[in-house]
Amino acid sequence: GQQVMQIPQYQHVQEGEDFTTYCNSSTTLSNIQWYKQRPGGHPVFLIQLVKSGEVKKQKRLTFQFGEAKKNSSLHITATQTTDVGTYFCAAAVDSNYQLIWGAGTKLIIKP
Amino acid sequence: EAGVVQSPRYKIIEKKQPVAFWCNPISGHNTLYWYRQNLGQGPELLIRYENEEAVDDSQLPKDRFSAERLKGVDSTLKIQPAELGDSAVYLCASSRTSNEQFFGPGTRLTVL
Numbered sequence: 017g018q019q020v021m022q023i024p025q026y027q028h029v030q031e032g033e034d035f036t037t038y039c040n041s042s043t044t045l046s047n048i049q050w051y052k053q054r055p056g057g058h059p060v061f062l063i064q065l066v067k068s069g070e071v072k073k074q075k076r077l078t079f080q081f082g083e084a085k086k087n088s089s090l091h092i093t094a095t096q097t098t099d100v101g102t103y104f105c106a107a108a109v110d111s112n113y114q115l116i117w118g119a120g121t122k123l124i125i126k127p
Numbered sequence: 310e311a312g313v314v315q316s317p318r319y320k321i322i323e324k325k326q327p328v329a330f331w332c333n334p335i336s337g338h339n340t341l342y343w344y345r346q347n348l349g350q351g352p353e354l355l356i357r358y359e360n361e362e363a364v365d366d367s368q369l370p371k372d373r374f375s376a377e378r379l380k381g382v383d384s385t386l387k388i389q390p391a392e393l394g395d396s397a398v399y400l401c402a403s404s405r406t407s408n409e410q411f412f413g414p415g416t417r418l419t420v421l
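In structure tokens, the structure reads:
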């Protein structure tokens, strides 16, 4: 079946360093959503990207959707301990709105 | 606005026993999803409802899993009989349209 590849699986950073996670699809996406899941918690919606080349910002978080609508990224500037968790992309491949979830990138802040 | 409610939060059963999970979505949300999430992995869609209709159940193991959403509001997901490999967190989510999904806290199932 269709898959969305999300990399890396883990990223260890010092507090204050930047963090980036990427999602890639072999097929053109209708839209892509990003979710954050804190340890022991449930996924919480962050944002949805729909337009080719779209860039959206939420404070220290920057979300991008590729020109070909096949890839997306989430970048966090100057990570804080509150950013700890797993970030998932969830991609819609057609108008049926079925979401295909990436495996997630776990952000770990080094002590 | 109350969030998605799920019960129970935790369930421990022996293999071959039945188990049921319940979900109450956010009021007014027509779309309801059941996901299974294994440790270290993303959510895997089991079934999606639009009101009472199951519009996507292609990933639901129908030999042992069943679901219903009577009256288009609450939903139950049942496993009978449970197997060791069914141990996971079962998440329910709802949405007003097919956009932002709101998740419940999940039910952590342990099959011994």
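Order-wise, the sequence lines are chains A and B. Each residue of the first sequence is one higher than the one before, starting from 17 at the first, in this note's numbering. Each residue of the second sequence is one higher than the one before, starting from 310 at the first, in this note's numbering. Don't be surprised by glycine CBs; every beta carbon is placed ideally from N, CA and C.
- Sixteen is the threshold: when 16 or more other Cβ atoms of the shown chains lie within 10 Å of the Cβ of S88(A), as they do, the residue is buried.
- Neighbours of Q326(B) in chain A, taken as residues whose beta carbon is under 9 Å from its own, are absent, since the nearest beta carbon is some 25 Å off.
- Under a 10 Å Cβ-count criterion, R357(B) is classified as buried, with 16 or more other Cβ atoms of the shown protein chains found around its own Cβ.
- Judged by their CB atoms, S41(A) and A107(A) are nearer to each other than the 8 Å cut-off.
- Nearest CB-CB separation between Q80(A) and chain B: not below the 8 Å threshold.
- Closest in C-alpha terms to A329(B), from the list S316(B), Q350(B), H338(B) and N360(B), comes S316(B).
- Within the region 42 to 80 of chain A, the beta strand (DSSP E) runs of at least 3 residues that lie entirely inside it are, in chain order, 47 to 53, 60 to 65 and 71 to 74.
- Under the Cβ criterion (8 Å, minimum of three pairs), the region 335 to 344 of chain B counts as touching the region 398 to 413 of chain B.
- In terms of beta-carbon proximity, L386(B) stays away from the interface with chain A, with every pair separated by 8 Å or more.
- About 4 Å separates the beta carbon of K325(B) from that of P390(B), a gap short enough to meet the 8 Å contact definition.
- Between the alpha carbons of N47(A) and K67(A) lies a gap of roughly 8 Å.
- When DSSP states are grouped into helix, strand and coil, L348(B) belongs to the coil group.
- Assigned with DSSP and collapsed to three states, L369(B) falls in coil, not helix or strand.
- Secondary structure at T121(A): strand, using DSSP grouped into helix, strand and coil.
- Spatial neighbours of S396(B) in its own chain (CB-CB distance under 7 Å, excluding positions within 5 residues in sequence) are listed in chain order as L418, T419 and V420.
- L77(A) is positioned such that its CB atom lies no closer than 8 Å to that of T95(A).
- Residue burial annotation: I388(B) is buried, with at least 16 other C-beta atoms found within 10 angstroms of its C-beta.
- Put simply, the CB of G101(A) is far from chain B, with every gap to its CB atoms at 8 Å or more.
- Separation of T121(A) and G56(A) (C-alpha to C-alpha, rounded to the nearest whole angstrom) is 15 Å.
- The Cβ neighbour count for Q49(A), taken over all protein chains shown within 10 Å, is at least 16; the residue is labelled buried.
- A direct Cα-Cα distance of roughly 5 Å separates V60(A) from Y51(A).
- Distance from the CA of Q22(A) to the CA of F35(A), rounded to the nearest whole angstrom, comes to 14 Å.
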